[in-house]
Amino acid sequence: MKFQFVFGFILLILVLIGIFVGLPYLLGVIKSNQFFNFSFPKYVPTPTSPTPANAPISTSVGVSMSFYRYGGGQIDLKAPYFSGASVNITGWKIKSEKKGETIIGKGYALPQVDAALSDILLSSGESAKIIVGKGPLAGNFRINNCFGWLGSVYGIDYSMNYCPRVELGDLTGLDSACQDLILSVSSCRIPSEDVLNRQSNQCRIWVEKNLNYNTCVNNRRQDSDFFKGWQIYTGNDNPIFDSLHDNVKLYDKSGILIDSYEY
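Here the sequence shown stands for residues 1 to 263, where the numbers follow the UniProt record's numbering.
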């Protein structure tokens with residue numbers, strides 16, 4: 001009992017000492033407002049290294065490559081839909097592990113109209129066929145909706161014989177016999193001389209002026225569906241990839257890998 005009393009007395013003295021020593025310090029902290037300025041430490045992330053200013057950036061993301069392994073082989077390139085900008089593929093390289101390298105050159109955007117070759121630009125959703133061999137025209141070309149007029153002249157494949165039909169509204173001012181004749185003729189064809197000789201002079205003049213490739217291009221080139229894709233030819237019979245096993249890669253002009261296919 002005496003021991004408990006002594007222990008309790010000592011504990012009381014220690015509490016009183018703590019109050020007299022700590023109370024002035026506590027009052028000083030409160031007066032300086034430091035008591036209310038407590039905050040948790042902030043997390044600062046480690047900064048990442050910036051991309052070098054000269055690092056190559058591909059502007060051709062989304063261009064895809066597909067294969068047709070019949071005959072000498074064919075590769076189709078297709079620009080992404082809704083890209084908002086054309087993709088320049090002139091200077092791109094197709095590298096085959098087995099057959100070497102093929103470089104895409106320039107072409108005629110409007111055959112028979114353009115006098116000079118230009119870079120090959122793929123608009124949104126447009127495709128380009130890269131074909132082994134020589135093409136029917138002197139170089140690569142962009143197919144358009146008037147190509148049917150060139151079919152018989154250059155022996156162009158039937159699949160490219162696009163041709164807009166003549167509408168009755170285009171024939172205003174011509175006599176009914178002439179209108180019936182023009183509407184009955186196959187697309188991108190003109191009536192024979194014998195048939196035209198039986199028509200009026202006005203009918204002949206209209207046919208000679210309007211039923212041809214250049215007039216078709218001038219009248220239709222602003223149509224949204226005028227262009228139908230590019231035909232690109234290697235110029236020789238050498239395969240551009242192995243038909244059985246190969247690793248084919250597509251690089252843009254800057255050397256950036258765009259697409260690859262291994263089989």
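Backbone N, C-alpha and C define an ideal beta-carbon position, used for all residues, glycine too.
When only Cα atoms are considered, Ile-75 and Glu-262 end up about 14 Å apart. According to DSSP, residue pairing for Asp-76 in a beta bridge involves Ser-66, Lys-129.
In the structure shown, the three-state DSSP call for Gly-169 is helix. Here DSSP, grouped into helix, strand and coil, assigns Val-217 to helix. Annotated three-state conformation of Ser-260 is strand, per DSSP. Secondary structure of Gly-255 (DSSP, three-state): coil. According to the DSSP assignment, Tyr-162 belongs to no beta strand (DSSP E), since it is labelled neither H nor E. Contact between the segment 188-203 and the segment 107-116 is absent, with fewer than three C-beta pairs closer than 8 Å.
Leaving aside the five residues that flank Asp-237 on each side, the residues in its chain whose CB is nearer than 8 Å to its CB run, in chain order, Gly-72, Val-132, Gly-133. Ranked by Cα distance from Phe-82, the first of Gly-62, Arg-69, Trp-92 is Gly-62.
Judged by beta-carbon spacing, Ile-156 lies within the 7 Å limit of Leu-150, meaning their Cβ atoms are closer than that value.
Counting the other CB atoms within 10 Å of its CB gives Leu-77 a total of 16 or more, which places it among the buried residues.
Each residue's CA atom was taken as its position, placing Asp-242 and Lys-253 some 24 Å apart. A Cβ-Cβ contact shorter than 7 Å links Thr-90 with Ile-120.
Bounds of the alpha helix (DSSP H) holding Trp-206 are 201-210. Excluding five sequence positions before and after Lys-106, the CB atoms of its chain that fall closer than 8 Å to its own CB belong to Thr-90, Leu-117, Ser-118, Asp-119, Ile-120, Gly-139, Asn-140, given in chain order.
Looking at the DSSP output, Tyr-108 sits in a beta bridge with Phe-141. Taking Ile-103 as the centre and dropping the five residues before and after it, the same chain places the C-beta of Lys-93 closer than 6 Å to its C-beta, in chain order. Ser-187 and Gly-148 do touch by the CB rule: their CB atoms are close to 6 Å apart, below 8 Å. In the three-state reduction of the DSSP assignment, Trp-92 falls in the coil class.
Leaving aside the five residues that flank Tyr-154 on each side, the residues in its chain whose CB is nearer than 7 Å to its CB run, in chain order, Pro-136, Leu-137. By the 16-neighbour rule on beta-carbons within 10 angstroms, Leu-250 is buried.
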